[in-house]
Amino acid sequence: MGKDNMSLMNVEAYAMDGGGYGIEGSDHCFVVTEDKKTSWRNNGGGWDDSRAKTLVAKNRAYKEWMMEFVPPDNIYKCGISFGKNGLCQTYANRELLIGEDRADARKSGKNYVCVFFFGKYGLGLKQMKQLLTESYNKVTDKYNDPYNALNKVLAKADDYLDDELAAWRQVAIEYGGIPIDQIMAKNPSGGLATARMRMRSFIDEREALYESCGQEWDFRGRLKELILRHCNDYLNMLANISYITKSERDTYSQSISRFLNRFNAAVALQVRALEETGSLCRVDMADLLSDGEVTE
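Rendered as structure tokens:
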């Protein structure tokens, strides 16, 4: 008897007020099947949560593969450990990856903050692709693949550079106060190419850092230092060519540093809540942080 084909399953991603990452406007993101019978809660609320929900993405998932790669009752199997190499929106991006369409959690509130710190698909991209391939091979031992699903998904998994660049741009403007558009306008021919080159270099270094010490307790602090170093390298370059003044450089650097401290402290609180209660919590960061200077 021949094997059945892999089947398609409609899934949806929803965002609702996170109120917990210490960043105003941040959302919790979860994924659910269209019939609402199966939910990937991503360590927080799901469809049964009373909070208002906003649909942010849809996809036609490869059902058997998605269930193998990221089972609803064992989402850690996809390679993300909350707070170490991703957050709830990172889980959602990996869940939405296993489908026919290009879908992600970018419409979730402050998704670009999560992408800025952990990357679109989280840290450990090499491991992610290994897990994708291993889970796909297990499924295709039992099912035929008429969709060329592996090649399509791996191609999407490698297509994240511009999304991460856009996230850095947004954070630089919103939290660093850096006038990116004015700066880029001074070099319209080479600015974007240089930015992509710098982003590629940063991602490679970020992945090397994660592979070497991602399981250490202070890893987020090291990642914060790496991000700030790359931000300062960029700001120093702009100051050296007189696109910004040295005073502006220092102001922008301090703003990004305060933001990173605030974000890192907020993630630490959520990790603690997850360890103690099994779920993310709502916290008022204003009571816990003073001008974003508290660190872990």
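Counting in the numbering used here, the sequence shown runs from 34 upward without gaps. The beta carbon of each residue, even a glycine, is placed where N, CA and C say it ideally should be.
DSSP places Y208 in the coil class of the three-state scheme, outside both helix and strand. Nearest to A46 by C-alpha distance, out of N177, G210, R93, N220, is R93. The shortest CA-to-CA distance from K70 to any of H61, D50, V44, C62 is the one to V44. Pairing Y145 with G35, the inter-Cα distance amounts to about 45 Å.
The stretch 70-85 makes no contact with the stretch 151-162: fewer than 3 CB pairs, one atom from each, lie closer than 8 Å. When the Cα atoms are used, G51 and K257 turn out to be separated by approximately 22 Å. Within a 10 Å sphere around the beta-carbon of I131 sit 16 or more other beta-carbons, which makes this residue buried. Note: C62 is bridge-paired with A48 in the DSSP secondary-structure output. Taking a C-beta distance under 8 Å as the contact criterion, L164 and G119 do not qualify as a contact pair.
Closest in C-alpha terms to L259, from the list D237, S275, A136, N184, comes D237.
With a cutoff of 8 Å on beta-carbon distance, A125 and N76 are scored as not near each other. Rounded to whole angstroms, the separation of the alpha carbons of N38 and W250 is 44 Å. With respect to the C-alpha of I213, the residue from G254, E281, Y169, N184 having the closest C-alpha is E281. Annotation for L88: the continuous beta strand (DSSP E) segment containing it runs 87-95. Exclusion of the five residues before and after S141 leaves A48, D60, C62, V89, Q122 as the residues of its chain whose Cβ lies within less than 7 Å of its Cβ. Rounded to whole angstroms, the separation of the alpha carbons of K110 and R291 is 33 Å. Going by beta carbons, V204 and L129 fall outside the 8 Å limit. Uninterrupted alpha helix (DSSP H) stretches at least 4 residues long and entirely within the stretch 235-319 occur at 252-273, 279-310, given in chain order. Sorting M217, W98, R239 by C-alpha distance to the C-alpha of N177 places W98 at the top.
The beta carbon of L41 sits closer than 6 Å to the beta carbons of R93 from its chain, once the five residues preceding and following it are set aside; these are given in chain order. By DSSP's assignment, N38 forms a beta bridge with N177.
Annotation for V146: the continuous alpha helix (DSSP H) segment containing it runs 144-151.
Between A182 and Y285, the C-beta gap is not smaller than 8 Å, which leaves the two residues out of contact. At least 8 Å separates the beta-carbon of A200 from that of F235. Check the Cα spacing between D195 and each of N170, A228, A298, K185: the tightest is with A228. Going by beta carbons, Y208 and I277 fall outside the 8 Å limit.
The alpha-carbon of R262 is positioned some 38 Å away from that of Y169. Contact between G116 and V300 is confirmed by a C-beta separation of about 5 Å, below the 8 Å threshold.
With fewer than 16 other Cβ atoms inside 10 Å of its own Cβ, I274 counts as exposed. Y180 is positioned such that its CB atom lies closer than 8 Å to that of E133.
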